[in-house]
Amino acid sequence: RVKTLSAMHLKTSGEGSMEAVAMKLGLDLTDVPLPDRDETFRKFCMTKSKESEVQIRSLIRSVLERVQTELTVGS
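All residue numbers for the sequence shown refer to the UniProt record's numbering, where the first residue is 1 and numbers rise by one.
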């Protein structure tokens with residue numbers, strides 16, 4: 001999905017470029033050779049996606065634990 005996104009929606013230069021988007025996400029592609037930029041950006045996005053998923057799961061677990069505690073105390 002990330003590869004399709006970068007191929008379809010990101011321009012080769014300017015504000016909408018992959019480099020600009022990567023920079024906004026915290027990835028500096030300046031020192032990455034041009035042929036490796038797509039793959040580096042893809043891997044970075046996949047890592048960010050996994051980190052987000054872990055954070056969301058942790059938040060859900062925390063909320064469920066609080067609800068369970070409240071239900072137990074309320075019984």
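Backbone N, C-alpha and C fix where the C-beta goes; we use that ideal spot for every residue, glycine too.
Remember, predicted model here, so these are calculated numbers, not experimental data.
Exercise. Quick one: what's got a C-beta closer than 8 Å to LEU29's C-beta in the same chain, skipping five residues either side?
Worked result: The answer, listed in chain order, is MET18, GLU19, ALA22, MET23, ARG37, THR40 and PHE41.
Exercise. How many angstroms separate the CA atom of ILE56 from the CA atom of THR47?
Worked result: Straight-line Cα distance between these residues: approximately 14 Å.
Exercise. Can you tell me where the alpha helix (DSSP H) with GLY74 in it begins and where it stops?
Worked result: In the DSSP annotation of this structure, the continuous segment of the alpha helix (DSSP H) that includes GLY74 starts and ends at 34-74.
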